[in-house]
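> Mind having a look at this structure? Questions to follow.
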Amino acid sequence: MIQLYCGDGKGKTTAALGQLIRMNGWGEKTVFCQFMKGNDTGELHSLENIKGVRILRSEKDFGFYKSMTEKERLELTGIHNRLLEELLMLQEKEEAGLIVLDEITYPVEYGLIDINRLKLLLKRAGEKKCELVMTGRDPADFLMESADYITRMEKRRHPFDKGVMARKGIEY
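For what it's worth, the working numbering labels the leading residue of the sequence shown as 103, then goes sequentially.
Rendered as structure tokens:
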């Protein structure tokens, strides 16, 4: 099935990671694929130490979309599409019981990924016995329609609104 954690509240990636750890605990191979992010995050350090977890992401940090040059956007699109091809191959060979598509809503929104290849990954989720977990703020309609579970995280209060920047170990 397909799960979607969306909304403007904190906890989308955290929830997806919890699902990944649960599946991994039953001996299933899992994949954490992170889109848009290339910066160092605490979850990566933990995941690297768990047997059966594969991490796929950009090795380069491009920063925020609005600050990227057109050349950087093209480069990131290429990276995203290569990640997607690897996911499709893993899915086809049934080498993952669960795949997390962390922050997938952003490359869809910004046109930084091959939508048709992503739709194929989603379509094959049930056929290949591979649970997909997606995260991000504002999912496109086709992402919402493909999801069997939709959980919306709603921000009621966040320290960022008071000028508190992202904190190591809490937000990254």
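Glycine included, every Cβ here is placed at the ideal spot set by N, Cα and C.
A quick note: this is a predicted structure, and the numbers were derived from the prediction, not measured.
1. How would you call I181, buried or exposed, if buried means at least 16 neighbouring beta carbons within 10 angstroms?
2. Quick one: measure Cβ to Cβ for P209 and I215, integer angstroms, because I've assumed they're closer than 8 Å.
3. For G144 versus F164, is the C-beta distance shorter than 9 Å?
4. So Y251 is in the beta strand (DSSP E); what residue range does that whole segment cover?
5. Taking only three categories from DSSP, how would you classify D204?
6. Use the C-beta contact count for T207: other C-beta atoms within 10 angstroms, 16 or more gives buried, fewer gives exposed.
7. L178 and M138 - do their beta-carbons sit closer together than 9 Å?
8. Between which residues of its own chain and E161 is the CB-CB distance below 7 Å, once the five residues before and five after are set aside?
9. Quick check on the burial criterion: 16 or more other C-beta atoms within 10 angstroms. Buried or exposed for K114?
10. For my contact list, E197 and M125 are in at a C-beta cut-off of 8 Å; report their separation, rounded to the angstrom.
Taking the geometry as given:
1. Translated into the one-based positions of the sequence shown, residue 181 becomes position 79. I181 comes out buried.
2. Stepping through the sequence shown from its first residue, residue 209 is reached at position 107. Stepping through the sequence shown from its first residue, residue 215 is reached at position 113. The Cβ separation is near 4 Å, so the contact holds.
3. In the sequence shown, residue 144 corresponds to position 42, counting from 1. In the sequence shown, residue 164 corresponds to position 62, counting from 1. No. Outside cutoff.
4. Against the sequence shown, residue 251 aligns to sequence position 149. 251 to 254 is the span of the beta strand (DSSP E), which, as asked, contains Y251.
5. Within the sequence shown, numbered from 1, the residue matching residue 204 stands at position 102. Assigned with DSSP and collapsed to three states, D204 falls in strand.
6. One-based indexing of the sequence shown puts residue 207 at position 105. So T207 counts as buried.
7. Taking the sequence shown and counting its residues from 1, one reaches residue 138 at position 36. Taking the sequence shown and counting its residues from 1, one reaches residue 178 at position 76. Taking 9 Å as the Cβ cut-off, M138 and L178 qualify as a contacting pair.
8. The residue labelled residue 161 in the question sits at position 59 within the sequence shown. Excluding residues within five positions, the ones whose Cβ falls inside 7 Å are G140.
9. Here residue 114 refers to the residue found at position 12 of the sequence shown. Looking at its Cβ environment, which holds 16 or more other Cβ atoms inside 10 Å, K114 is buried.
10. In the sequence shown, counting from the first residue as 1, residue 197 sits at position 95. In the sequence shown, counting from the first residue as 1, residue 125 sits at position 23. Contact between E197 and M125 is absent: CB atoms are separated by about 14 Å, not below the 8 Å threshold.
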